[in-house]
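Every number in our numbering is 11 more than the matching position in the sequence shown, counting from 1. Each residue gets a CB set at the ideal place from its N, CA and C atoms; glycine is no exception. Nothing here was measured: the structure is a model prediction, and the numbers come from that model.
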Amino acid sequence: MTYIQGTRLIKVYSPLGPDVLLFHDMTGRERLGGLFSYELDLLSTAGSLNPDQLLGDRLDVALTLPDDSVRYFNGVVCRFAQLGATEDERRTLVHYRVTLRPWLWLLTRTANCRIFQKKTAPDIIVKVFRDHGFTDFEARLTRTYPLRDYCVQYRESDFNFVSRLMEEEGLYYFFEHTRGKHTLILADAAAAHPKMPGYESIPYFEPNNSVRRERDHLYAWSFARAIQPGRYVLTDDPGNGSWTCSSVRRAGRLARRDAAAG
Numbered sequence: 012m013t014y015i016q017g018t019r020l021i022k023v024y025s026p027l028g029p030d031v032l033l034f035h036d037m038t039g040r041e042r043l044g045g046l047f048s049y050e051l052d053l054l055s056t057a058g059s060l061n062p063d064q065l066l067g068d069r070l071d072v073a074l075t076l077p078d079d080s081v082r083y084f085n086g087v088v089c090r091f092a093q094l095g096a097t098e099d100e101r102r103t104l105v106h107y108r109v110t111l112r113p114w115l116w117l118l119t120r121t122a123n124c125r126i127f128q129k130k131t132a133p134d135i136i137v138k139v140f141r142d143h144g145f146t147d148f149e150a151r152l153t154r155t156y157p158l159r160d161y162c163v164q165y166r167e168s169d170f171n172f173v174s175r176l177m178e179e180e181g182l183y184y185f186f187e188h189t190r191g192k193h194t195l196i197l198a199d200a201a202a203a204h205p206k207m208p209g210y211e212s213i214p215y216f217e218p219n220n221s222v223r224r225e226r227d228h229l230y231a232w233s234f235a236r237a238i239q240p241g242r243y244v245l246t247d248d249p250g251n252g253s254w255t256c257s258s259v260r261r262a263g264r265l266a267r268r269d270a271a272a273g
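Set out below in structure tokens:
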């Protein structure tokens with residue numbers, strides 16, 4: 012028996028073809044300035060899929076929303092597993108589990124030693140991306156950044172290196188998903204985030220197992236603040252004891268908000 016996705020509300024598109032893998036379940040985690048992770052449980056009538064046909068390639072999950080628009084979840088297949096099969100007198104369905112990560116995750120698998128001269132932090136970050144052949148990124152920056160006389164990467168993974176530069180300059184990133192790709196957005200302000208059509212405002216409902224909500228909503232929200240240093244001093248002693256260099260830097264105000272959606 013052949014299964015087709017047809018009018019399913021959630022579809023899977025992979026290099027294997029439109030109907031080889033069928034959606035069963037997905038668990039995902041994403042955050043600002045972090046690598047998303049989507050774990051998919053998929054079904055197939057094919058019992059001998061070759062992982063090499065998927066690993067390192069892109070896969071899409073297409074979710075049809077109530078207004079018939081489609082939200083895509085796109086990522087690089089970094090893990091593929093066969094979990095077993097269920098069967099009855101009519102069919103056998105094989106269970107597979109696939110883990111999707113962003114292309115930026117691939118930079119955790121590389122390391123380098125090099126020196127950059129006369130470049131800003133965003134320039135260095137972009138060069139690292141391009142050196143790996145990645146072009147699915149966009150800078151939406153509101154500030155100008157100083158040239159660095161030099162910047163050293165020493166035995167760091169490329170991911171840790173660009174993450175360190177972002178942290179030093181107050182940069183972060185997030186991803187926008189479309190059919191066939193996900194784009195990294197490099198940002199330094201809330202203006203980088205466009206309003207999502209249909210989600211300009213999102214209702215909040217307390218968790219209630221006796222009520223079935225028919226619309227997307229927030230069900231948990233937490234807010235936290237913490238004490239931090241007002242400023243700190245960096246001091247350098249060249250070794251002769253006759254003079255020192257110091258610079259004073261001020262820390263900004265930080266807060267954290269966590270939300271969960273349903």
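With at least 16 other beta carbons inside 10 angstroms of its own, Q164 counts as buried. Exposed is the label assigned to N219, since fewer than 16 other Cβ atoms lie within 10 Å of its Cβ. Two segments are said to touch when three or more pairs of C-beta atoms, one from each, lie closer than 8 Å; by this definition the region 28-36 does not touch the region 78-85.
For V105, the enclosing beta strand (DSSP E) has its first and last residue at T103 to R112. By the beta-carbon neighbour count (other beta carbons within 10 angstroms, threshold 16), L43 is exposed. Looking at the DSSP output, Y161 bridges to Q128. 9 Å or more divides the Cβ of D71 from the Cβ of Y107. A direct Cα-Cα distance of roughly 12 Å separates T18 from D30. Between T110 and R242, the alpha-carbon positions lie close to 42 Å from each other. The beta-carbon separation of H193 and P113, rounded to 6 Å, stays under the 8 Å limit for a contact.
Considering only C162, F91, H204 and K206, the residue with the shortest C-alpha distance to L66 is F91.
L60 and S48 have their alpha carbons spaced roughly 22 Å apart. Judged by DSSP secondary structure, E217 falls outside any beta strand (DSSP E); it is assigned neither H nor E. W116 is positioned such that its CB atom lies no closer than 9 Å to that of F186.
At a Cβ-Cβ threshold of 9 Å, K129 and D79 do not count as neighbours. Here D79 carries a coil assignment [DSSP, helix/strand/coil].
Among the bridge pairs identified by DSSP, D52 is matched with D36 and R108. When the beta-carbon positions are compared, L104 and S55 come within less than 9 Å of each other. DSSP, reduced to helix, strand and coil, places A237 outside both helices and strands of the structure shown, so it counts as coil. Nearest Cα to L195 within the set D147, I135 and T121: D147.
Within the same chain, D227, H228, L229 and A272 come within 8 Å of I213 by CB-CB distance, once the 5 residues on both sides are set aside.
Judged by DSSP secondary structure, R151 falls within the beta strand (DSSP E) whose first and last residues are F148 to R151. When the alpha-carbon of L46 is set against those of A237, L118, F140 and M207, the nearest one is in L118.
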